[in-house]
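Residues in the sequence shown are numbered from 12 upward in steps of one, following this note's numbering. Below is one structure, written out as structure tokens; the observations come after it.
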Amino acid sequence: MRPGRALKEVLTMSDITLEINGRKVQGSSGDTILKVCEKNAIVVPTLCHFEGLADIGVCRMCLVEVKGARGLVPACTTQATDGMAIVTENDEIRDLRRSNLEMLFSERNHFCMFCEKSGDCELQKLAYEYGLDHISYGFFWPELPMDISRKYFLYDQNRCILCRRCLRACEELAGHSVLTVRDRGPKSMICADVDLPFIESTCVSCGTCLQVCPTGALADRKSTYIGRQEHMTKTRSACAFCSVGCEVEISSRDGEPLRIEGIFGQGPTSGILCSKGRFEPLFEVNKRLDRPLLREDEGKRSLNLNEALSVLAKKIKEWGINSFAGLISPRATNEAAFQFKMLFGDNVFLIDSFSVPLGNASIEEIDDADCIVVVGANLDEEFKALSSFVKRGANLGSTVVVMGSAGAKVDIRATYRFHDEDIDSLSEVMGRFSNPLVVYGPGTKRSVMEFLWGLRPGVRQLGLARGSNIRGIEKLKIKPWKKDKGFRGLYALLGDFEVSDDLLGQLGNAEFLAVQSCYENEAVNYADLALPSRLWFERSGTYINTEGKVRHLEAIPEIALSLPSDEEILKGLIKLLS
């Protein structure tokens with residue numbers, strides 16, 4: 012079974028019956044003892060086990076007694092068989108688990124009172140559960156380095172228990188294969204590549220290792236020492252920073268987002284995130300636009316929202332609605348786009364976009380392909396979460412083919428690399444495989460696109476749209492903006508969209524420019540009237556991702572939302588014009 016799809020049953024398994032702690036329970040052939048226990052709500056402690064990762068049995072916390080077996084066996088790696096009799100808890104097992112915990116605490120520095128993870132640590136939780144109030148062994152406590160070279164999170168070797176979750180998650184889920192183990196025995200350490208500082212390694216800071224770490228060995232800089240998980244409010248939403256639309260859980264406190272995590276087994280990427288979706292939104296440094304601004308001879312004057320909308324409505328009535336065009340960001344929600352279309356009709360245009368045809372495959376289908384072809388897309392930069400699918404496919408034996416470049420970190424995994432228009436070579440290689448899948452992006456050449464369309468429906472294809480909601484905006488028949496349209500006035504609904512220099516020049520040519528933005532940026536400086544917009548964690552609504560699936564955004568609940576949503580502002584303007 013492919014990593015990242017732990018919830019999908021590939022084969023129909025026959026039932027087996029076991030006896031666990033004197034109780035008859037059901038499992039499936041192929042299940043481990045631990046899996047059968049989980050299915051029957053029987054708790055077995057673990058540290059190295061993590062759902063979706065291959066089990067290796069190194070922590071020895073899940074040791075159980077099997078009738079007829081020689082000694083205790085690890086439940087996570089021992090296959091359950093029909094008629095097996097198992098004991099998961101007795102005095103001998105508890106004593107052994109306690110001894111294992113004592114050794115873990117003695118080997119490295121686990122001063123819980125000083126650790127950021129205290130209260131949320133799986134090692135600490137087991138210590139409480141097994142009454143660990145002293146250590147019988149001498150403390151080893153080697154002097155180990157910390158790696159704080161990464162921008163978003165750090166690694167403290169002193170708190171590592173060598174469970175290797177991070178290593179397996181990096182290879183089996185994220186596909187990057189950055190981590191390895193250096194040295195042996197008590198000198199063993201997790202390291203990057205050939206023992207490089209993380210900042211110099213091939214690490215892409217996706218944070219998958221951080222999310223699976225059971226202790227404080229990995230800690231992010233934003234939420235460190237801000238509070239335990241029980242103090243956080245959890246909000247399930249979707250990442251809106253590219254068109255993939257990963258499922259996320261936002262941890263916030265007092266209205267401030269502090270942590271973003273993927274939800275394993277859910278959403279287009281089954282919980283895999285990239286640095287752009289997991290970390291970058293939490294480290295925004297641009298100044299917030301928090302009130303309307305009107306340009307006057309002596310500078311810009313603050314207005315309230317009603318006054319600002321009245322100014323804009325007056326200008327539209329004076330010149331006529333057909334003298335204005337609405338320019339909408341590809342990051343706007345469906346709800347805002349609909350109201351914008353209601354306001355400007357056919358004079359609404361999508362800014363800075365590249366239309367990419369919708370494919371006939373889903374992201375998760377990449378896992379099943381024996382040949383993965385990447386065309387016209389830089390996965391390293393634009394679609395980072397999808398690079399994980401391609402890389403882990405290569406790790407598991409899929410042949411990767413790249414036309415042009417998919418980014419240096421993906422290119423190195425490719426078995427074949429062709430020039431952008433070498434269609435004959437691409438066709439010949441694809442013909443060798445029974446289950447190829449093509450991932451094509453905004454840089455796909457027209458001739459290549461025509462070739463790919465000729466392969467449908469027999470060959471699965473995934474089109475990667477640039478801009479998180481281009482698919483939804485296109486459904487409203489909103490076309491891309493072109494230069495020199497001849498409108499006297501422009502209303503640019505930007506939100507948190509970063510405007511190019513070319514578009515700035517076009518905006519500056521308008522006789523009257525209204526800009527709706529989250530930040531005080533160059534576009535706001537050009538504007539005659541600036542209106543504020545909600546930030547990413549303040550928005551609720553929907554958009555359609557690159558697969559054509561509806562994704563739901565949800566605002567974190569503790570925010571005092573004094574500012575109406577984009578669609579509410581547009582409704583207010585429509586009302587003034589009616």
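In this text, a Cβ means the ideal position worked out from N, Cα and C, and glycines have one as well. Here the structure is a predicted model, which is why all the values come from computation and not from measurement.
Counted within 10 angstroms of its Cβ, other Cβ atoms place residue i as buried (16 or more) or exposed
{"i": "E182", "result": "buried"}
{"i": "Y530", "result": "buried"}
{"i": "S438", "result": "exposed"}
{"i": "L18", "result": "Note that L18 scores a pLDDT of 39, beneath 50, so its modelled location is shaky and nothing firm can be said."}
{"i": "W492", "result": "buried"}
{"i": "K586", "result": "exposed"}
{"i": "D512", "result": "exposed"}
{"i": "L574", "result": "buried"}
{"i": "I31", "result": "buried"}
{"i": "I201", "result": "buried"}
{"i": "D102", "result": "exposed"}
{"i": "S254", "result": "buried"}
{"i": "K352", "result": "buried"}
{"i": "E309", "result": "exposed"}
{"i": "A52", "result": "exposed"}
{"i": "H121", "result": "buried"}
{"i": "G370", "result": "buried"}
{"i": "N556", "result": "buried"}
{"i": "Q90", "result": "exposed"}
{"i": "S234", "result": "buried"}
{"i": "Q37", "result": "exposed"}
{"i": "G278", "result": "buried"}
{"i": "S25", "result": "exposed"}
{"i": "G552", "result": "buried"}
{"i": "T57", "result": "buried"}
{"i": "T23", "result": "Unreliable placement is indicated for T23, whose pLDDT of 44 sits below 50; no coordinate value is reported for it."}
{"i": "V386", "result": "buried"}
{"i": "E20", "result": "Because the pLDDT at E20 is just 44, under 50, the model does not fix this residue reliably, and the value given afterwards should be weighed accordingly. With fewer than 16 Cβ atoms within 10 Å of its Cβ, E20 is classed as exposed."}
{"i": "V413", "result": "buried"}
{"i": "G15", "result": "Legend: pLDDT at G15 = 46, less than 50; position of this residue unreliable, value from coordinates given subsequently. Buried, by the Cβ-count rule."}
Anticipated Cβ contact below 8 Å, residue i with residue j, distance rounded
{"i": "C171", "j": "R119", "result": "7 Å"}
{"i": "I484", "j": "I339", "result": "6 Å"}
{"i": "S286", "j": "V215", "result": "6 Å"}
{"i": "L448", "j": "L473", "result": "7 Å"}
{"i": "Q350", "j": "L564", "result": "That belief does not hold up - the Cβ atoms of Q350 and L564 are roughly 16 Å apart, past 8 Å."}
{"i": "F61", "j": "R176", "result": "5 Å"}
For residue i, the nearest candidate out of the options (CA to CA)
{"i": "G418", "options": "S334, G454 and M441", "result": "G454"}
{"i": "M124", "options": "G218, G227, G94 and L58", "result": "G227"}
{"i": "I11", "options": "R193, E258, K311 and D363", "result": "This structure cannot speak to residue 11, because the chain is shown only from 12 to 589."}
{"i": "V192", "options": "L207, A185, C382 and L184", "result": "L207"}
{"i": "M157", "options": "F151, P447, S117 and D167", "result": "D167"}
{"i": "I283", "options": "L305, L304 and L184", "result": "L184"}
{"i": "F400", "options": "G256, A380 and S416", "result": "A380"}
{"i": "H242", "options": "K311, I327 and D265", "result": "D265"}
{"i": "L487", "options": "R105, N345 and S40", "result": "N345"}
{"i": "V450", "options": "F462, A388 and S147", "result": "A388"}
{"i": "S409", "options": "D42, R424 and V47", "result": "R424"}
{"i": "E258", "options": "R562, L584, E578 and S576", "result": "R562"}
{"i": "R109", "options": "K136, Y141 and D93", "result": "Y141"}
{"i": "D577", "options": "K420, S528, T92 and G218", "result": "S528"}
{"i": "E533", "options": "L514, E100, R550 and E549", "result": "L514"}
{"i": "D204", "options": "V189, I210, R195 and N297", "result": "V189"}
{"i": "G516", "options": "L475, E211 and K494", "result": "K494"}
{"i": "L229", "options": "C174, R247 and E113", "result": "C174"}
{"i": "A138", "options": "W547, L115, E569 and P153", "result": "L115"}
{"i": "P292", "options": "L524, R477 and D507", "result": "D507"}
{"i": "D131", "options": "K78, G238 and E393", "result": "G238"}
Beta-carbon spacing of residue i, residue j below 9 Å
{"i": "G337", "j": "A538", "result": "no"}
{"i": "A566", "j": "R545", "result": "yes"}
{"i": "F252", "j": "Y163", "result": "no"}
{"i": "I67", "j": "C73", "result": "no"}
{"i": "I481", "j": "S373", "result": "no"}
{"i": "P85", "j": "V98", "result": "no"}
{"i": "L354", "j": "L542", "result": "no"}
{"i": "P197", "j": "F150", "result": "no"}
{"i": "G63", "j": "A405", "result": "no"}
{"i": "G288", "j": "S281", "result": "no"}
{"i": "F275", "j": "G218", "result": "no"}
Residue i beta carbon near the ligand FMN (any heavy atom closer than 8 Å)
{"i": "C177", "result": "Within the structure as shown, the ligand FMN is missing, as the structure has no ligands at all."}
Going residue by residue through the segment 388 to 436, where are the continuous alpha helix (DSSP H) segments of at least 4 residues, counting only ones entirely within it?
List check, alpha helix (DSSP H) in window: 395 to 406 and 419 to 422.
Let me know the beta strand (DSSP E) ranges lying completely inside the segment 87 to 117, each 3 residues or longer, listed in chain order.
The segment 87 to 117 contains these whole beta strand (DSSP E) runs: 96 to 98.
What beta strand (DSSP E) runs, 3 residues minimum, are completely inside the segment 536 to 576?
If we require 3 residues or more, the beta strand (DSSP E) runs fully inside the segment 536 to 576 come out as 540 to 543, 552 to 555 and 561 to 564.
In chain order, which continuous runs of the beta strand (DSSP E) of length 3 or greater are located wholly inside the segment 147 to 176?
164 to 167, all fully within the segment 147 to 176.
May I have a chain-ordered list of the alpha helix (DSSP H) segments no shorter than 4 residues that lie completely inside the segment 311 to 344?
Counting whole runs of 4 or more residues, the segment 311 to 344 contains the alpha helix (DSSP H) stretches 316 to 330.
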